[in-house]
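*Asks:* Residue numbers (UniProt numbering), protein chains in the order written: chain D, 1 to 342; chain S, 1 to 342; chain F, 1 to 342; chain G, 1 to 342.
Don't be surprised by glycine CBs; every beta carbon is placed ideally from N, CA and C.
My structure is below; once you've seen it, I'll send some questions.
Number of protein chains: 4
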Amino acid sequence: MRVGVLTGGGDCPGLNAVIRGIVRKGVQEYGYEFVGFRDGWRGPLEGDTVPLGIPAVRGILPRGGTILGSSRTNPFKERDGIRRIKESLAKEEVQALITIGGEDTLGVAARLSDEFGVPCVGVPKTIDNDLSATDYTFGFDTAVGIATEAIDRLHTTAESHMRVLVVEVMGRHAGWIALHSGLAGGANVILIPEQRFDVEQVCSWVTSRFRASYAPIVVVAEGAMPKDGEMVLKDGSLDSFGHVRLSGVGEWLAKEIERRTGKEARTTVLGHVQRGGTPSAFDRWLATRFGLHAIDAVRDGDFGKMVALRGTDVVRVPIGEATARLKTVDPELYREVGVFFG
Amino acid sequence: MRVGVLTGGGDCPGLNAVIRGIVRKGVQEYGYEFVGFRDGWRGPLEGDTVPLGIPAVRGILPRGGTILGSSRTNPFKERDGIRRIKESLAKEEVQALITIGGEDTLGVAARLSDEFGVPCVGVPKTIDNDLSATDYTFGFDTAVGIATEAIDRLHTTAESHMRVLVVEVMGRHAGWIALHSGLAGGANVILIPEQRFDVEQVCSWVTSRFRASYAPIVVVAEGAMPKDGEMVLKDGSLDSFGHVRLSGVGEWLAKEIERRTGKEARTTVLGHVQRGGTPSAFDRWLATRFGLHAIDAVRDGDFGKMVALRGTDVVRVPIGEATARLKTVDPELYREVGVFFG
Amino acid sequence: MRVGVLTGGGDCPGLNAVIRGIVRKGVQEYGYEFVGFRDGWRGPLEGDTVPLGIPAVRGILPRGGTILGSSRTNPFKERDGIRRIKESLAKEEVQALITIGGEDTLGVAARLSDEFGVPCVGVPKTIDNDLSATDYTFGFDTAVGIATEAIDRLHTTAESHMRVLVVEVMGRHAGWIALHSGLAGGANVILIPEQRFDVEQVCSWVTSRFRASYAPIVVVAEGAMPKDGEMVLKDGSLDSFGHVRLSGVGEWLAKEIERRTGKEARTTVLGHVQRGGTPSAFDRWLATRFGLHAIDAVRDGDFGKMVALRGTDVVRVPIGEATARLKTVDPELYREVGVFFG
Amino acid sequence: MRVGVLTGGGDCPGLNAVIRGIVRKGVQEYGYEFVGFRDGWRGPLEGDTVPLGIPAVRGILPRGGTILGSSRTNPFKERDGIRRIKESLAKEEVQALITIGGEDTLGVAARLSDEFGVPCVGVPKTIDNDLSATDYTFGFDTAVGIATEAIDRLHTTAESHMRVLVVEVMGRHAGWIALHSGLAGGANVILIPEQRFDVEQVCSWVTSRFRASYAPIVVVAEGAMPKDGEMVLKDGSLDSFGHVRLSGVGEWLAKEIERRTGKEARTTVLGHVQRGGTPSAFDRWLATRFGLHAIDAVRDGDFGKMVALRGTDVVRVPIGEATARLKTVDPELYREVGVFFG
């Protein structure tokens with residue numbers, strides 16, 4: 001049996017741990033051979049491969065990123081994409097393809113598997129933790145840890161100067177990183193994309209925190225929006241480089257808080273550091289187990305499935321089902337955490 | 001409503017986060033008052049209390065240990081223990097008691113609640129993660145993270161000198177810390193209490209690792225035992241201070257590996273650093289949510305229950321049921337991880 | 001003897017360690033009493049004080065920020081500033097004033113001491129390490145450590161996507177943080193305020209790095225400027241919030257690199273996380289020793305002096321001399337590090 | 001010009017950074033070729049070499065240990081050792097040899113250079129920081145950082161149980177790691193090899209700490225000895241494995257404290273984790289600069305010299321002079337730190 005492996009979408013700590021898990025078990029227990037496709041779907045599209053065996057996966061467990069490279073290439077948007085992929089797999093004599101990726105990468109895998117008979121197994125990957133059907137995705141714990149450490153650090157600087165510190169963390173469509181790191185970091189306000197926020201309410205929490213002689217930390221997901229959403233867009237459009245991220249909601253919010261409360265406010269945008277570097281122990285554990293279970297699915301011929309975490313078990317679910325719906329923060333959970341606001 | 005809180009057993013990162021969660025929600029949402037009992041069951045036994053309100057829990061989220069102190073005092077082993085506890089609670093006008101602790105502390109709470117009508121709610125705590133009915137206990141993730149970082153560090157020293165490094169981690173009865181940190185740290189052998197190990201097999205993994213030009217890391221839980229168990233006990237008894245821990249299985253194993261393989265071997269006993277210091281983001285999250293749900297159980301009058309993690313939900317289970325059985329490593333899971341041995 | 005203490009300017013990890021060192025030695029060895037002035041020079045100006053004794057300094061060694069608060073208030077710019085300060089000191093019966101701060105705070109202390117007979121001892125503080133007369137200032141090592149860890153993390157994300165990552169670090173007038181963290185983090189280009197950079201040269205380093213199949217990391221101090229300086233200013237002026245920091249040189253440079261090389265480039269602005277949180281072991285050591293030596297200077301009546309690090313010794317130098325000249329990166333040292341560019 | 005490089009003695013974070021600095025500058029600026037000798041002096045003795053060029057040093061900056069391996073082999077104790085080394089160097093056409101190591105390795109280099117005409121340049125390496133002529137050695141800052149973090153963690157566990165925690169750190173002949181980490185970690189007692197300690201005095205500090213309602217942390221260097229030194233040796237000799245380290249002074253001291261004060265005491269022996277893993281930013285900086293200056297010494301034909309740190313400068317000193325005397329903790333400095341005891 002010859003198995004192909006590819007990683008697609010944004011990088012995420014734990015990708016290498018998945019690859020290592022797949023290859024170690026595949027070679028040692030099942031005697032499989034492997035081929036790596038480079039840069040997500042670009043690899044099979046263009047027939048760009050790298051050798052993948054025990055030597056290639058030595059020492060990669062603690063390394064962030066992916067040894068296979070990644071891209072956002074979508075074969076359904078490429079001319080003759082499906083035919084070219086099938087030809088690549090045939091040429092490489094690949095009988096199964098393990099695709100590690102997020103909504104887009106897995107969406108392609110689902111269609112290839114269901115509609116075009118390409119034998120795919122999926123491994124879910126999103127640093128945002130917003131993929132249905134799995135309790136957690138790897139990379140998320142690492143990102144939350146990095147953001148929490150940053151918030152820990154910002155507390156002392158906020159209190160020395162009695163300033164508001166706004167921390168913008170990742171999360172375009174779901175507020176998981178904001179919610180977890182904000183709670184763990186003892187933030188006084190947490191704003192998520194799932195629920196438009198009221199700037200006046202934010203300012204009132206900020207003010208009450210100052211009244212208690214403490215300096216407030218506001219954690220805001222990059223995708224969070226005020227109730228009057230146009231404000232962000234309007235200001236964002238003035239950015240000289242077209243980078244929404246850097247004059248995003250964090251900057252806008254700090255400015256609004258300053259204007260409305262008269263208190264000094266500063267923004268820190270954590271950015272790419274949240275997705276780089278060595279994975280946390282939890283993510284290494286989860287990613288490795290995903291890898292071990294993905295190769296088991298291949299051995300079982302259980303294609304069109306994705307591995308997923310349920311409690312402490314790794315299970316299999318249809319890829320399509322898993323990517324059908326974004327997993328957002330439950331309003332009840334957000335309300336639960338709200339006891340710490342202000 | 002006046003609620004008592006105590007923490008019993010060994011300390012564990014996250015205890016303070018639980019206390020903070022209880023008090024913040026109890027005061028702000030339910031208008032409760034709180035009293036802290038010092039040093040586990042010793043507090044209510046001797047009527048030793050500390051004030052517990054919002055000011056007391058300020059800033060304690062990231063701090064390890066417990067602001068309430070802890071002990072292993074067991075009221076059932078104390079003269080008139082139950083009567084004295086009931087009198088203390090009555091004197092303090094406490095109508096509910098939240099007990100945060102491991103098997104022993106919760107065992108007492110279960111009996112007090114079930115047999116003596118003391119209205120207890122439990123919060124499970126064990127750094128070893130060996131308590132049934134909950135997917136994880138707080139403190140465990142922190143311990144695994146510390147052990148993993150230590151293993152990461154030991155790799156380079158092992159390889160520079162081509163030595164065996166044996167790392168002894170916590171876990172008297174269950175191998176969870178060894179299993180998770182060993183997997184996450186890329187250990188070449190992981191030995192757990194649940195399964196007696198064969199020294200010859202360990203030496204054969206060690207030798208095969210050297211043949212591949214790498215230096216082996218052996219992670220061993222303090223409670224792991226060789227098939228010929230007498231060996232450890234016999235050697236352990238020679239320790240001059242009566243401390244089994246420090247001439248425990250790690251030391252014994254390194255000596256055996258040296259003797260049998262002729263390779264240099266060294267031991268590191270991680271010890272107390274695994275249970276101290278600031279909790280990981282995951283543990284802060286879990287501990288805080290346990291606290292929030294424990295006070296909800298009090299509000300609901302749902303006594304005799306313990307909060308527990310199931311997937312991403314916090315649920316309630318009978319305390320007695322939860323402590324009835326030790327949660328050990330499933331042989332199937334141990335076999336799954338075994339693909340990385342050697 | 002009654003001694004006043006104040007901290008001025010931006011916060012910096014280690015301030016609390018200085019205060020603790022002063023108080024512990026002053027109380028225990030010399031029997032002094034202390035009074036803390038709040039928020040830098042604002043404290044003595046407005047007679048705003050806090051009690052400062054052994055209890056106040058318990059547990060503050062590992063805490064970032066300053067328990068005394070800080071501000072940028074300058075008494076020479078306040079009406080009757082000097083008279084009000086003298087009155088405050090007289091009212092508090094303070095016979096010596098220890099001022100912990102940067103160029104501005106120490107500049108005031110130098111004048112107060114030399115021209116107005118206020119008995120001041122200085123402790124140098126600048127996270128930027130740009131103060132003459134001392135080998136290092138505390139806080140710098142912590143900032144470099146944080147920036148280095150961020151750069152370590154960004155390497156894997158850069159290589160997974162074969163992107164340029166531009167990291168903007170602190171340093172308005174001196175490139176010490178950029179130089180040290182860039183070297184320690186294995187950056188491929190380091191740009192400092194001391195030497196205007198040539199964008200074409202930067203692009204050529206970037207390109208040569210890609211040719212070697214690696215992704216480049218560019219570390220740029222916030223105060224670095226291209227040879228054609230107008231470019232930054234022009235673009236900077238378009239920022240909608242008037243925050244130069246966030247559409248500063250890092251953003252501008254990434255855009256230029258993208259435009260000129262055709263490679264994707266991203267920017268991370270580390271911001272306030274560099275100055276917050278627990279100090280590194282080195283900074284705790286240095287700050288504590290500065291505190292111990294500052295109180296010795298008070299005991300010796302050696303006013304108008306500042307403590308400073310020379311090799312491994314703490315010495316005393318005239319405050320005025322120390323703040324007269326900015327300590328910038330020696331061109332020879334920058335050239336030495338340049339061997340790693342490209 | 002063809003240059004040999006070897007690393008000898010115990011491993012130390014930063015060794016790879018030195019090697020990288022040497023090779024990058026040697027190849028890029030001077031056009032030199034390099035050969036690596038394996039495992040310290042064993043390499044040239046047995047003619048065991050590895051290729052050493054730009055590809056070999058890629059990515060090694062953040063990695064602990066040494067890519068060249070290490071050993072304690074001493075050519076002066078080997079039959080025909082000097083002749084064999086000279087033959088190896090001749091065969092490899094090596095015209096200069098850079099030796100990175102501690103007292104023993106550099107002692108050999110000094111004699112080879114001074115008495116036998118082998119053109120050696122030295123780079124000082126000792127995690128214990130006990131080498132004369134240099135302000136600091138690389139690896140020391142990393143070790144101090146790791147020990148400080150461990151002490152930080154132990155505080156909370158000590159206070160939760162009101163126990164004494166004894167932390168045994170590295171340092172056989174010099175107490176630098178104990179002194180720096182003990183100060184930075186807020187230890188209440190620090191014991192170093194340079195000054196025999198009085199157990200009664202230690203117990204009195206411990207007791208006074210408990211009286212103030214805090215739990216004491218005692219940091220003890222592995223080479224520290226009580227005034228009645230026989231006690232340690234006698235107890236140490238009872239260890240069943242002949243490992244002095246693990247039933248060393250830390251264990252002995254905890255037992256004595258328990259016996260004399262009646263307080264519970266526990267020991268943590270940090271061991272090998274102190275010397276493994278990624279170097280701190282400071283050590284990467286120092287080690288890299290040592291490498292850059294060592295190759296400059298080769299270029300200048302300045303043999304028999306060792307690079308050394310003086311303040312912020314890297315200078316050259318005669319190897320022999322540098323290793324002639326152990327750098328121990330100055331009694332005055334120890335007294336300075338003593339203000340924090342008790």
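(1) Taking any Cβ of chain G, which residues in the segment 262 to 285 of chain S have a Cβ under 9 Å from it, in chain order?
(2) How about residue 181 (chain S): is its C-beta nearer than 8 Å to some C-beta of chain D?
(3) What would DSSP say about residue 255 (chain G), mapped onto helix, strand or coil?
(4) Look at residue 325 (chain S) and residue 113 (chain S) and say whether their C-beta atoms are less than 8 Å apart.
(5) So is residue 143 (chain D) in contact with chain F if we call contact Cβ pairs under 8 Å?
(6) Select from F:49, F:39, F:71, F:220 the residue whose C-alpha is nearest the C-alpha of residue 170 (chain F).
(7) Going by CA-CA distance only, name the one from D:140, D:8, D:64, D:27 that's closest to residue 75 (chain D).
(8) So residue 106 (chain S) packs on residue 124 (chain S), CB below 8 Å; how close in whole Å?
(9) Look at the alpha carbon of residue 21 (chain S) and the alpha carbon of residue 102 (chain D), and state the distance between them as a whole number of angstroms.
(10) Once the 5 residues before and after residue 10 (chain F) are set aside, which same chain residues still bring their CB inside 6 Å of it?
(11) Find the nearest neighbour of residue 19 (chain G) within the set G:157, G:54, G:46, G:148, judged by alpha-carbon distance.
(12) Can you find a C-beta in chain G that's less than 8 Å from the C-beta of residue 170 (chain S)?
(13) Quick one: give me the first and last residue of the beta strand (DSSP E) that residue 316 (chain F) is part of.
(14) Report the start-end ranges of each beta strand (DSSP E) in the segment 153 to 186 of chain D that is 3 residues or longer and not cut off at the edges.
(15) Pop quiz: residue 15 (chain D) and residue 73 (chain D) are said to be a contact at Cβ under 8 Å. What is the actual Cβ separation, rounded to whole angstroms?
(16) How about residue 254 (chain G) and residue 164 (chain G): are their beta carbons less than 8 Å apart?
(17) Which one of F:228, F:317, F:4 has the shortest CA to CA distance from residue 86 (chain F)?
(18) Residues of chain G with CB under 7 Å from residue 150 (chain S), in chain order?
(19) What residues from chain G crowd round residue 87 (chain F), counting only those whose CB sits closer than 9 Å?
(20) Quick check on residue 312 (chain F) - is its C-beta less than 8 Å from some C-beta in chain G?
(21) My guess is that residue 35 (chain G) and residue 94 (chain G) are in contact by the Cβ rule of under 8 Å, so how many angstroms apart are they, rounded?
(22) Here's the rule: buried if 16 or more other CB atoms are within 10 angstroms of the residue's CB, otherwise exposed. What is residue 32 (chain G)?
(23) Give a yes or no on contact between the segment 172 to 186 of chain D and the segment 199 to 206 of chain D, applying the rule of three or more CB pairs nearer than 8 Å.
(24) Spell out the partners DSSP gives residue 33 (chain S) in its beta bridges.
(25) Using the beta-carbon count (16 or more within 10 Å), is residue 28 (chain F) buried or exposed?
(26) Could you please tell me which residues of the segment 47 to 77 of chain F, in chain order, have their CB closer than 7 Å to any CB of chain D?
(27) Whole angstroms are fine: how far does the CA of residue 152 (chain S) sit from the CA of residue 186 (chain S)?
(28) Within the continuous alpha helix (DSSP H) that includes residue 218 (chain F), where are the two ends?
(29) In terms of alpha-carbon separation, which member of F:110, F:218, F:39, F:288 lies closest to residue 159 (chain D)?
(30) Please decide whether residue 343 (chain G) counts as near chain F, where near means a Cβ-Cβ distance under 8 Å.
(31) Looking at the structure shown, is residue 124 (chain G) part of a helix, part of a strand, or coil, going by DSSP?
(32) Buried or exposed: residue 77 (chain G), going by 16 or more other Cβ atoms within 10 Å of its Cβ?
(33) When the Cβ atoms of the segment 127 to 142 of chain S are set against those of the segment 318 to 337 of chain S, are three or more pairs found closer than 8 Å?
(34) Please report the residue range of the beta strand (DSSP E) in which residue 324 (chain G) lies.
(35) CA-CA distance, residue 116 (chain G) and residue 43 (chain G)?
(36) Would you mind stating whether residue 314 (chain G) and residue 306 (chain G) have Cβ atoms separated by less than 8 Å?
*Replies:* According to the structure shown:
(1) For the segment 262 to 285 of chain S, the set of positions with a beta-carbon nearer than 9 Å to some beta-carbon of chain G reads 266, 267, 268, 269, 270, 271, 272, 273, 274, 275, 276, 277, 278 in chain order.
(2) Closer than 8 Å to some Cβ of chain D, the Cβ of residue 181 (chain S) qualifies, so yes.
(3) Helix at residue 255 (chain G).
(4) No; because the gap between Cβ atoms is not below 8 Å, this pair is not in contact.
(5) Among the CB atoms of chain F, none fall inside 8 Å of the CB of residue 143 (chain D).
(6) Nearest to residue 170 (chain F) by alpha-carbon distance, out of F:49, F:39, F:71, F:220, is F:220.
(7) Comparing Cα-Cα distances from residue 75 (chain D) to each of D:140, D:8, D:64, D:27, the minimum goes to D:8.
(8) So it is a contact: roughly 7 Å between Cβ atoms.
(9) Residue 21 (chain S) and residue 102 (chain D): Cα-Cα distance of roughly 34 Å.
(10) Around residue 10 (chain F): no qualifying Cβ.
(11) Out of G:157, G:54, G:46, G:148, G:54 has the C-alpha closest to the C-alpha of residue 19 (chain G).
(12) It does not; no Cβ of chain G falls within 8 Å.
(13) Counting along the chain, the beta strand (DSSP E) containing residue 316 (chain F) begins and ends at 313 to 318.
(14) Fully enclosed beta strand (DSSP E) runs of 3 or longer: 164 to 169.
(15) Actually they are not in contact, since the Cβ atoms of residue 15 (chain D) and residue 73 (chain D) sit about 17 Å apart, beyond 8 Å.
(16) In contact: residue 254 (chain G) and residue 164 (chain G) (Cβ atoms closer than 8 Å).
(17) Looking at the Cα atoms, F:4 is the closest of the given residues.
(18) 273, listed in chain order.
(19) Contact note: residue 87 (chain F) does not reach chain G at a C-beta cutoff of 9 Å; the least C-beta distance is about 33 Å.
(20) Output row for residue 312 (chain F): interface = yes.
(21) Contact flag correct, Cβ pair sits at about 6 Å.
(22) By the neighbour-count definition (other C-beta atoms within 10 Å, threshold 16), residue 32 (chain G) is a buried residue.
(23) The segment 172 to 186 of chain D makes no contact with the segment 199 to 206 of chain D; the number of CB pairs closer than 8 Å stays below 3.
(24) Paired residue(s): S:2.
(25) With fewer than 16 other Cβ atoms within 10 Å, it is exposed.
(26) Flagged, chain order: 63, 64, 65, 66, 69, 70.
(27) Distance from the CA atom of residue 186 (chain S) to the CA atom of residue 152 (chain S), rounded to whole angstroms, is 8 Å.
(28) Run containing residue 218 (chain F): none in the alpha helix (DSSP H); it sits in the beta strand (DSSP E), 217 to 221.
(29) Of the listed residues, the one whose Cα sits closest to residue 159 (chain D) is F:39.
(30) Since the displayed chain G opens at 1 and closes at 342, residue 343 (chain G) lies outside it and no answer follows.
(31) Residue 124 (chain G): strand per DSSP, three-state reduction.
(32) Exposed, because fewer than 16 other Cβ atoms sit within 10 Å of the Cβ of residue 77 (chain G).
(33) Yes: at least three Cβ pairs fall under 8 Å.
(34) Counting along the chain, residue 324 (chain G) sits inside no beta strand (DSSP E), nor does DSSP assign it H or E at all.
(35) Cα to Cα, the separation comes out at about 18 Å.
(36) Cβ atoms of residue 314 (chain G) and residue 306 (chain G): not closer than 8 Å.
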